[in-house]
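Since the structure comes first, as structure tokens, the remarks are kept for the end.
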Amino acid sequence: MRLKVLESVSGSLFPKWDIALDLYIKSYLDIFSIHTNITEQDIMEIIEYDILCELSEFYEYSEIYMIFNLYSQKYKAKYIAVIARLFLNDKVDFYIIDKLTQPTLSNYKKDKSESWIYFRDNFIAKERFNAEDFCNVSWESPNQWSKYNINATITLRGAQYYNEILAPRFYNKYKDLEVEIDNKGNIIRWIGEINR
């Protein structure tokens, strides 16, 4: 099957994806990493695009696990670096679901970097985005955090960056690229080119 990387500006990666391929391919990043012209910086940009795309599509009701669609142990360090950059540059933030009186993560501690390190070590490093606890939580109870009580949101600054800069640039870069994959998840060939 032939799959276009993107079909529209702000569109999801591989919009015609066959879920049967999920048995063989754990992350779209595994597909991109095979392309000889994809660099480490490109992988970071793909992660950034996917995170902001998910958050902008579902805005108020996205669930945090959605921003970890491409996540795997192989890409953990890159994921953490991208999310850190987005958070520290005020493009994404995190909040406790149903606790509007609690501050967002960016306002939790006086030093935003301290908030990030605390969240990184207790949520991302421990993969709490896979946890299924339904209990009430606070920022002080990280052992109870889960995909059901912590969420992410794109900020106004993040939405502006995504809509005006990243999404158009990303689309122009990958609009002419397709990949052919067999029904066992093997990449047969790349079709088209990356527009640099």
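Numbering (the numbering used here), first residue to last: 2 to 197. Just so it is clear, CB atoms sit at the ideal spot from N, CA and C, and this is done for glycine as well. Note that this is a predicted model, so its numbers are computed, not measured.
For the region 34-120, the continuous beta strand (DSSP E) assignments of 3+ residues that do not extend past its boundaries occur at 93-97, in sequence order. Beta-bridge analysis with DSSP links alanine 153 to Phe95. Annotated as proximal: glycine 159 and valine 93, with beta-carbon spacing under 7 Å. The Cβ neighbour count for asparagine 152, taken over all protein chains shown within 10 Å, is at least 16; the residue is labelled buried. Around the beta carbon of asparagine 144, fewer than 16 other beta carbons lie within 10 angstroms, which makes this residue exposed. Under DSSP, lysine 185 shares a beta bridge with no residue. Tyrosine 25 is positioned such that its CB atom lies closer than 7 Å to that of lysine 185. The criterion of a C-beta distance shorter than 7 Å is satisfied by isoleucine 188 and isoleucine 182. Looking only at Glu41, Ala21 and Ile20, the smallest Cα-Cα distance to leucine 30 is reached by Glu41.
Distance from the Cα of cysteine 136 is smallest, within the candidate group Trp146, Glu179 and Arg129, for Trp146. Per DSSP, lysine 174 is one residue of the alpha helix (DSSP H) stretching across 168-175. Scanning its chain for C-beta atoms nearer than 7 Å, with the 5 sequence neighbours on each side dropped, one finds around tyrosine 109 the residues Ser116 and Trp140, in chain order. In this structure, the CA atom of tyrosine 66 is about 10 Å from the CA atom of glutamate 128. Taking the Cβ atoms as the reference, glutamate 49 lies roughly 15 Å from leucine 7, outside the contact range of under 8 Å. Each residue's CA atom was taken as its position, placing phenylalanine 59 and threonine 154 some 9 Å apart. Beta-bridge pairing by DSSP links arginine 3 to Glu181. Spatial neighbours of lysine 27 in its own chain (CB-CB distance under 7 Å, excluding positions within 5 residues in sequence) are listed in chain order as Ser73. In this structure, the straight-line span from the alpha carbon of asparagine 123 to that of leucine 14 is close to 29 Å. Distance from the CA of valine 180 to the CA of aspartate 43, rounded to the nearest whole angstrom, comes to 17 Å.
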